[in-house]
Amino acid sequence: MIMEFIEKQAIYMQIADYFCENILLGKWKTHDRIPSVRDIAVAMEVNPNTAMRAFIYLQDKGIIYNKRGIGYFVAEDGHSKALKLKRNDFIEKEMPAFFKTMKLLNFSCKEMEELYEKEYKDQNN
Numbered sequence: 000m001i002m003e004f005i006e007k008q009a010i011y012m013q014i015a016d017y018f019c020e021n022i023l024l025g026k027w028k029t030h031d032r033i034p035s036v037r038d039i040a041v042a043m044e045v046n047p048n049t050a051m052r053a054f055i056y057l058q059d060k061g062i063i064y065n066k067r068g069i070g071y072f073v074a075e076d077g078h079s080k081a082l083k084l085k086r087n088d089f090i091e092k093e094m095p096a097f098f099k100t101m102k103l104l105n106f107s108c109k110e111m112e113e114l115y116e117k118e119y120k121d122q123n124n
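The opening position of the sequence shown corresponds to residue 0 in numbering that gives the first Met the number 0, with each subsequent residue numbered one higher.
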């Protein structure tokens, strides 16, 4: 599970993204116990304090919760909150550059939709 971190984003946020991805992909379901802070720190080769920041961030967002002495678990509405968080991140951080490039290259929304449908269709076959 060693991650290759990118420089443009805080490591704890990249760990939080990894958690959200596991939740959104259904690998971690509602009330599933997730790896411990120590396990994540060892597996990702990061300082336990960095891993803990990711846990605190996700707990503050209501995506995971802590059962004292037992561990961390995916919250009841963890999937929907992770989806909302990741959608908002995408809209704020990636879409502006995407739309700028679309305009620069004179792509219409219709063309992008067709490309998306083709790519999505190809991935499901």
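For every residue, glycine included, the Cβ atom is placed at its ideal position computed from N, Cα and C.
Tell me the DSSP secondary structure of Ile55 in three-state form.
Ile55: helix per DSSP, three-state reduction.
Among residues of its own chain, excluding the 5 on either side of Ser35, which ones have a beta-carbon nearer than 8 Å to its beta-carbon?
Closer than 8 Å at the Cβ level, and outside the excluded window around Ser35, lie Gly70, Tyr71.
Would the region 40 to 50 count as touching the region 2 to 17 if we require 3 or more Cβ pairs under 8 Å?
Yes: the two stretches touch, three or more of their Cβ pairs being nearer than 8 Å.
Can you check DSSP and say which residues form a bridge with Ile63?
In DSSP, Ile63 forms a bridge with Val73.
Counting C-beta neighbours from all protein chains within 10 Å, is the total for Ile33 16 or more, i.e. buried, or is it exposed?
Label assigned to Ile33: buried.
Identify every residue that forms a DSSP beta bridge with Arg86.
Per DSSP, none; premise fails for Arg86.
For Glu110, verify whether its CB is less than 8 Å away from any heavy atom of the ligand PLP.
Absent from the structure shown: the ligand PLP. Ligands present: none.
Rounded C-beta distance between Ile39 and His78? I'm assuming under 8 Å.
That pair is no contact at about 20 Å.
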